[in-house]
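In UniProt numbering, the protein residues as written are 1 to 65.
Note that CB positions come from ideal geometry on N, CA and C, so glycine has one too.
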Amino acid sequence: TEVGWTLLASDSAWSPLSYQELRGPSVLANVLMDDSKAYYQTLNRLNLLWAAGHVDIRLCHEGDL
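In structure tokens, the structure reads:
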């Protein structure tokens, strides 16, 4: 975009607070996940991108998309 990169991160996190504060989902959701280790690796990578300010991250659960 004119203001920088936008990452359409789809279902990679439940909400922006998930990657901003490294908050995982509920214990039940972790049990249901196919690969919770990969989920937390992705969450950490999103956190690094967000913290560096290099990209605007959009999730499919956000109401203003």
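Beta-carbon proximity list for residue i, same chain, < 7 Å, skipping 5 on both sides
i, result
"leucine 8", "Arg58"
"tyrosine 40", "Gly24"
"methionine 33", "Tyr39"
Which of helix, strand or coil DSSP assigns to residue i
i, result
"leucine 22", "coil"
"alanine 13", "coil"
Burial state of residue i (16 or more Cβ within 10 Å)
i, result
"leucine 28", "exposed"
"leucine 46", "buried"
Own chain partners of residue i with C-beta closer than 6 Å, once the 5 adjacent residues on each side are dropped
i, result
"serine 12", "Thr42"
Nearest-angstrom Cα separation, counted from residue j out to residue i
i, j, result
"asparagine 44", "alanine 38", "10 Å"
"aspartate 56", "threonine 1", "10 Å"
"valine 3", "glycine 53", "12 Å"
Cβ-heavy atom distance, residue i to the ligand NAD, below 7 Å
i, result
"alanine 9", "The ligand NAD is absent from the structure shown, which contains no ligand whatsoever."
Sequence-distant residues of the same chain with beta carbon closer than 8 Å to residue i, five excluded per side
i, result
"serine 10", "Leu59, Cys60"
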